[in-house]
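Worksheet for the structure shown next.
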Amino acid sequence: MKSVVLKFVNLVGETGLYRLLCPGRIPVFMLHRVTDGNDNVPGDMTADKLRSYLRYLSSRKYNVLSMEQLWQVLEKGGPIPSKTVMFTIDDGFFDHHDVAAKVFDEFGFPLNFFVITGLLDKHLWPWDDQIAYALNRTELRQVSLQLPSGGEYSIDLSVKNIRQTAREIRNALKKDKQAHIYRWLKEELYHKLKVEFPCNIPPEYQPMSWDDARSLRERGHGVYPHTCSHRILSALVSDEKHQEINEARKRVEQELQYTPEVFAYPTGRRSDYDLADIDELKRAGFKMAFNTVPNYVSQGCSHFELPRFSVPGAVADFIQIVNRFEAMKEKLPNQPMVSRSFLPTR
């Protein structure tokens, strides 16, 4: 029954009715990993699935914005074209360049990359991915940990699966001290799980190179900073916030020979950044910043809290967002703005 209703909803959406009734809204989509037959790449977004989404947009004459075009729309305050969407992708892994960008190139659509500069420099790989890596390799089922703040935390893989456990550990660490999170992972989590910490970044978490990033810009894509280390900004003191934001901007400027003015918060919930971070971004010269709160961008949005939808796993859900049905739900009584399936996974 639900699938029949959704099909009807999307058929109505094809008429443009929802866009007409809910004007001035742009869905900005967020990708993380895109696989092209490589079973080692985490996530379930395949190149073929992504291609089908872009084919839908192309066949219906949608305008896919570059970052500069979005800025012009928001800054000038003019009407937002009805058939408008935008795409971003976070972190800077190899598949972003090798797979995702090539799919966008097929359609001539721009993709906006937010890169962890420490990842591209091969100094680290994201702490949240390090959690999943360790859990997938431990032979232990039950472990007691001491969090960075000193609190106790228990893992029981006989009760909860690896994905759920990784999410819960990540959420606990996001609320804890993040200053030395990478050292804690190696000395506490890996040690207690009896997993050898890899000497080099594992193949599935390898980054794109700075040469790749330069190639992306030459092909019309955007590349912007996503901090140096992907630590949660709201869990850092002011000097650490300053370093994460300003050094990431500096590295992008050094490598790509331009001054970036757009930023994305690590993991991006509203609890993951604060007003001090926004002030730091403004002092550094940024003009826009994205979170991961699932909603449409509109003229009324703060330029430093621009929302994004995670790209859904089902094409029907994707069409529902594109055609603005999620905005229509605001007008219906007792309806949530966003389905849980559209919430970010990180």
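Under the UniProt record's numbering, read the sequence shown as residues 1 to 346, first letter to last.
Glycine included, each C-beta is placed from N, C-alpha and C at the ideal position.
Unbroken alpha helix (DSSP H) stretches of 4 residues or longer found wholly inside the segment 128-194: 162-174, 181-184 and 190-193, given in chain order. Between the beta-carbon of residue 146 and that of residue 236 there is about 20 Å, and that puts the pair past the 8 Å contact cut. The alpha carbon of residue 81 has as its nearest neighbour, out of 114, 90, 41 and 69, the alpha carbon of 69. Scanning its chain for C-beta atoms nearer than 6 Å, with the 5 sequence neighbours on each side dropped, one finds around residue 273 the residues 233, 234 and 265, in chain order. Going by beta carbons, residue 142 and residue 156 fall inside the 9 Å limit.
Annotated as proximal: residue 225 and residue 115, with beta-carbon spacing under 9 Å. The residue among 86, 302 and 317 with its C-alpha nearest the C-alpha of residue 75 is 302. Within the same chain, 232 come within 6 Å of residue 174 by CB-CB distance, once the 5 residues on both sides are set aside.
By DSSP's assignment, residue 264 forms a beta bridge with 290. Restricting attention to 196, 228 and 105, the CA atom closest to the CA of residue 139 is found in 196.
Following the DSSP letters along the chain, one finds residue 30 inside the beta strand (DSSP E) bounded by residues 28-31. Pairing residue 54 with residue 104, the inter-Cα distance amounts to about 8 Å. Residue 130 sits buried, since 16 or more C-beta atoms from the chains shown fall within 10 Å of its C-beta. The segment 59-66 makes no contact with the segment 36-48, as fewer than three CB pairs between them are under 8 Å.
Within the same chain, 208 and 212 come within 6 Å of residue 97 by CB-CB distance, once the 5 residues on both sides are set aside. In its chain, beyond the 5 residues on either side, 24, 25, 26 and 80 have a beta carbon closer than 8 Å to the beta carbon of residue 298.
Per DSSP, reduced to three states, the secondary structure at residue 109 is coil, with no helix or strand assignment.
Residue 212 is not bridged by DSSP to any residue.
Take the alpha-carbon of residue 259 and the one of residue 253: they are about 5 Å apart. Counted as a single uninterrupted DSSP element, the alpha helix (DSSP H) harbouring residue 118 occupies residues 117-120.
Residue environment for residue 323: buried (at least 16 other C-beta atoms within 10 angstroms of its C-beta). Annotated as proximal: residue 117 and residue 251, with beta-carbon spacing under 9 Å. With a 10 Å radius around the Cβ and a threshold of 16 neighbouring Cβ atoms, residue 151 comes out exposed. Per the C-alpha coordinates, the member of 202, 86 and 165 positioned closest to residue 221 is 86. Going by beta carbons, residue 295 and residue 309 fall inside the 9 Å limit.
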